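Here the structure is laid out as structure tokens; the discussion comes afterwards.
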Amino acid sequence: MVRERAGSLFWRVCVTNAVVFLLGTLVLVLAPVTVSERPLWSEVVVVSVGAAVIVVLNALLLRSLLRPMDRLTSAMASIDPRHPGQRLDEVGSGPAQPLVRSFNAMLDRLEVERSVSTARALHAQEAERQRISQELHDEVGQSLTAVLLGLKQAIRTAPPEVVEELEQARETTRASLEEVRRISQALRPGVLADLGLVDSLSSLASDLTARTGVVVTRGFGPGLPSLAPETELVVYRVAQEALTNVARHARAERVHLGLTRRGDALVLRVADDGVGIGGAPVGAGVQGMQERAQMVGGRLSVGANEGGGTEVLLDVPLDAPGAAA
Numbered sequence: 001m002v003r004e005r006a007g008s009l010f011w012r013v014c015v016t017n018a019v020v021f022l023l024g025t026l027v028l029v030l031a032p033v034t035v036s037e038r039p040l041w042s043e044v045v046v047v048s049v050g051a052a053v054i055v056v057l058n059a060l061l062l063r064s065l066l067r068p069m070d071r072l073t074s075a076m077a078s079i080d081p082r083h084p085g086q087r088l089d090e091v092g093s094g095p096a097q098p099l100v101r102s103f104n105a106m107l108d109r110l111e112v113e114r115s116v117s118t119a120r121a122l123h124a125q126e127a128e129r130q131r132i133s134q135e136l137h138d139e140v141g142q143s144l145t146a147v148l149l150g151l152k153q154a155i156r157t158a159p160p161e162v163v164e165e166l167e168q169a170r171e172t173t174r175a176s177l178e179e180v181r182r183i184s185q186a187l188r189p190g191v192l193a194d195l196g197l198v199d200s201l202s203s204l205a206s207d208l209t210a211r212t213g214v215v216v217t218r219g220f221g222p223g224l225p226s227l228a229p230e231t232e233l234v235v236y237r238v239a240q241e242a243l244t245n246v247a248r249h250a251r252a253e254r255v256h257l258g259l260t261r262r263g264d265a266l267v268l269r270v271a272d273d274g275v276g277i278g279g280a281p282v283g284a285g286v287q288g289m290q291e292r293a294q295m296v297g298g299r300l301s302v303g304a305n306e307g308g309g310t311e312v313l314l315d316v317p318l319d320a321p322g323a324a325a
């Protein structure tokens, strides 16, 4: 098909040049103009003007034929495959319309393939998270629990001079066990199935405050619709990543965590009063949130918060695959 279009364009150029050449030949044949054996200056001027007219006419015709290709090339360079839905306008593209149509079809295929591959990668990631979480809980957690029981027994029979050291070891082990449980819960949000999305988000907020001291205000709208498990997981993971970024980079004192319904969309908002993102490039965390949003037909934006800080907005259409009204 590409060869056919290239050939079509080739023959259009050939026909255009042939038409211009034939017109020029007819003018020279039919016009009452002759050239002497020794051309006069007047004859040179006439021939030069005729040749210039032919060249200009050829250039104008070729420009009208090839200019849409230049516009198409420029438009193709402006397309960002990371932002789905962008298409070239087929109306008024002239000779480039078959190429525009093929380019748009290629974007459709790329978006479908990207969505499928992203979904597979994220599902594999979730499966790996669950496996690691289970191993942390079953292996590391149980081992630390056994160590705690052993230290408790050792404290009862230990000489007084080593009891204090054993107590410190037990506190360190207990803190490590709590950290392992926290990491295990973060890797596999079992609270989603047990508590639901809103309570799970509240748990994330409470955990952030407990670890960092950042005050989290919550704004959960009334009458929130139920969502499919896949969509709930996307909303939870985006909120989790956004709050993690606040704890790591924002140096914020207050954070707002909100979940509301806006028309036919569910909107998650995480806004802080920290240092903001400035001109920092998009990191792997934000890119991961964008890919998760695309899985359920949502749209994620990260920008400056009014009054300073960073605002993360996730819009999930309620009629998208994976969402249930």
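Per UniProt numbering, the very first residue in the sequence shown carries number 1; after that it's consecutive. Glycine residues also receive a C-beta, built at the ideal position from the N, C-alpha and C atoms. All values reported here derive from a predicted model rather than from experimental measurement.
- Rounded to whole angstroms, V46 and V53 show a C-alpha spacing of 11 Å.
- Counting the other CB atoms within 10 Å of its CB gives T310 a total of 16 or more, which places it among the buried residues.
- In this structure V216 is in contact with L208, their Cβ atoms being roughly 6 Å apart against a cut-off of 8 Å.
- Counting the other Cβ atoms within 10 Å of the Cβ of T231 gives 16 or more, which makes it buried.
- If you draw a straight line from the Cα of R170 to the Cα of R218, it is about 36 Å long.
- When rounded, the separation of the alpha-carbon atoms in S74 and V312 is 32 Å.
- A distance below 6 Å between beta-carbons, with the five flanking residues on each side excluded, links E291 to the following residues of its chain, in chain order: T118.
- With fewer than 16 other Cβ atoms from the protein chains shown falling within 10 Å of its own Cβ, I79 counts as exposed.
- When Cβ pairs closer than 8 Å are counted between the two stretches, the stretch 239 to 254 is seen to touch the stretch 263 to 278, the count reaching three or more.
- Here L144 really is in contact with S176; their C-beta atoms are around 6 Å apart, less than 8 Å.
- With a contact defined as Cβ atoms closer than 8 Å, V246 and V316 miss out at about 21 Å.
- With 16 or more other Cβ atoms inside 10 Å of its own Cβ, G297 counts as buried.
- Each residue's CA atom was taken as its position, placing F21 and S64 some 17 Å apart.
- Burial check for V55: the Cβ neighbour count within 10 Å stays below 16, so the residue is exposed.
- Counting along the chain, G258 sits inside the beta strand (DSSP E) bounded by residues R254 to R262.
- Taking the CA atoms as reference points, R109 sits about 17 Å from P98.
- Contact check for L204 against L268 fails: the beta carbons are separated by 7 Å or more.
- Here the alpha carbon of G307 sits roughly 33 Å from the alpha carbon of S226.
- In the assembly as shown, M295 is a buried residue. Its beta-carbon has 16 or more other beta-carbons within 10 Å.
- V13 has its alpha-carbon roughly 58 Å from the corresponding atom of Q240.
- In terms of Cα proximity to R181, the closest of E135, L107, Q125 and V19 is E135.
- Beta-bridge pairing by DSSP links P98 to no other residue.
- By alpha-carbon distance to P68, the top candidate from I183, E90 and R174 is E90.
- When rounded, the separation of the alpha-carbon atoms in A304 and A250 is 12 Å.
- Taking C-alpha positions only, R87 is separated from V286 by approximately 24 Å.
- For D199, the enclosing alpha helix (DSSP H) begins and ends at L197 to T212.
- Apart from sequence neighbours up to five positions away, the residues of its chain that approach T260 with a beta-carbon distance below 6 Å are G221 and V267, ordered along the chain.
- From the listed residues L61, L192 and L107, the smallest Cα separation to A18 is found for L61.
- Between the C-alpha atoms of T25 and A51 there is a straight-line separation of about 10 Å.
- Where R170 is concerned, the enclosing alpha helix (DSSP H) starts and stops at P160 to L187.
- S115 is not bridged by DSSP to any residue.
- Scanning its chain for C-beta atoms nearer than 8 Å, with the 5 sequence neighbours on each side dropped, one finds around V198 the residues F220, L224 and L259, in chain order.
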